[in-house]
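K.L.:
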Amino acid sequence: MFPVTGGQEDETTTLDEAPDRAPAVRPPDVLADPEGEPLADASEEALGDPPTDAAIDPPAIDPPAIDPPEEALAQVAAAVLGPASHRVVDLLDVVEGMVAAPVDVVRAGDDLLPRLAHENVLADALSSAREVLRPGGLLVAAVPELERLRRLRPVAPPPRVTGHGEDRQVTVQLWDWAEDGESYGLEVLQLVREHGTWELARTVSTEHRVLSADQVADLLDEAGFVAVHRLTPAESGHPLPVWVAVAPR
Numbered sequence: 001m002f003p004v005t006g007g008q009e010d011e012t013t014t015l016d017e018a019p020d021r022a023p024a025v026r027p028p029d030v031l032a033d034p035e036g037e038p039l040a041d042a043s044e045e046a047l048g049d050p051p052t053d054a055a056i057d058p059p060a061i062d063p064p065a066i067d068p069p070e071e072a073l074a075q076v077a078a079a080v081l082g083p084a085s086h087r088v089v090d091l092l093d094v095v096e097g098m099v100a101a102p103v104d105v106v107r108a109g110d111d112l113l114p115r116l117a118h119e120n121v122l123a124d125a126l127s128s129a130r131e132v133l134r135p136g137g138l139l140v141a142a143v144p145e146l147e148r149l150r151r152l153r154p155v156a157p158p159p160r161v162t163g164h165g166e167d168r169q170v171t172v173q174l175w176d177w178a179e180d181g182e183s184y185g186l187e188v189l190q191l192v193r194e195h196g197t198w199e200l201a202r203t204v205s206t207e208h209r210v211l212s213a214d215q216v217a218d219l220l221d222e223a224g225f226v227a228v229h230r231l232t233p234a235e236s237g238h239p240l241p242v243w244v245a246v247a248p249r
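Numbering-wise, the UniProt record's numbering puts 184 at position 184 of the sequence shown, and it's gapless, one number per residue.
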């Protein structure tokens, strides 16, 4: 993985090691839409896994290790910019005014754009990202596409079980859809084994707006980005569709 510098120029890390401000609970595995493409994933930021039109199959327990979503985003950026040293920041840091321009890459984790959309600040956040990027710099964002699930409105996908014996952990999701299907609240609960019984270790509650691919493309265009591309999971290696947008030169 190519090295990048973090929030300070004298601090070097790899892009997939750059810290995310992500919820602490990791949700269940990827579930696909009826056409076979994942709509939401099991990354640390994504807080929702949509079901298929058919019954939901329980996720595999302890699946084989795969590249983490952050590494997939790093690989996308490296493929575009080349294997050099790049300054990478998180979109949330940009929103909070913690980033000094210019930077090479702004990245957004799996549930950040839907959360910012729910807060009605996504357009401003994308404009801020473009402003801190150097000419030719990249915005790389993974975005769940749940538009086709408004009719189904899942309420509780199967729990995810990891580990063995007393080291097992269970992650449970509870969905609460708005009446119009345009947004949903999500509570993620993590249970752990303690002294032979199950204990609630932590909970995370978030609110999300459902974003279609057309809406994401329009928002990026309106923010002033050029060469906007949507990469499928097969193309990017990330469980979700990944958007790549270039700051104009």
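From the three backbone atoms N, C-alpha and C, an ideal C-beta is built for every residue, glycine too. These numbers come from a predicted model, not from an experiment.
1. Please confirm if the region 88-104 is in contact with the region 195-205, defined as three or more CB-CB distances below 8 Å between the two stretches.
2. Please report the distance separating the alpha-carbon of GLN169 from that of LEU200.
3. Under a three-way DSSP split, which group does GLU71 fall into?
4. What is the DSSP secondary structure of ASP218, counted as helix, strand or coil?
5. Which whole-angstrom value describes the C-beta separation of VAL210 and PHE225, a residue pair presumed to lie in contact below a C-beta threshold of 8 Å?
6. For GLN111, count neighbouring Cβ atoms within 10 angstroms of its own Cβ and tell me buried if that reaches 16, exposed if not.
7. With distance defined between alpha-carbon atoms, name the residue in PRO114, LEU91, GLY97 and ALA117 nearest to VAL105.
8. By Cβ distance, which residues of its chain are closer than 7 Å to VAL89, with the 5 residues on each side in sequence left out?
9. Answer yes or no: do ILE141 and LEU113 have a C-beta to C-beta separation smaller than 9 Å?
10. Looking at the secondary structure, which residues open and close the beta strand (DSSP E) in which ARG134 lies?
11. Could you say which of VAL242, GLU119, GLU131 and ALA227 lies nearest to TYR184 if we only look at CA atoms?
12. Give the straight-line distance between the Cα atoms of PRO158 and LEU174, rounded to the nearest whole angstrom.
13. From the DSSP output, in three-state form, read off ALA247 for me.
14. Quick one, are the C-beta atoms of VAL242 and VAL76 less than 9 Å apart?
15. Does the beta-carbon distance from ALA213 to GLU147 come in below 9 Å?
P.N.:
In terms of the structure at hand:
1. no
2. 10 Å
3. helix
4. helix
5. The Cβ separation is near 22 Å, so there is no contact.
6. The residue you asked about is not Gln; residue 111 is Asp in the sequence shown. Flag for ASP111 reads buried.
7. LEU91
8. GLY7, VAL99, VAL103 and VAL106
9. One point to set straight first is that residue 141 is Ala, not Ile, in the sequence displayed. Yes, these two residues count as a Cβ contact at 9 Å.
10. 133-142
11. GLU119
12. 10 Å
13. coil
14. yes
15. yes
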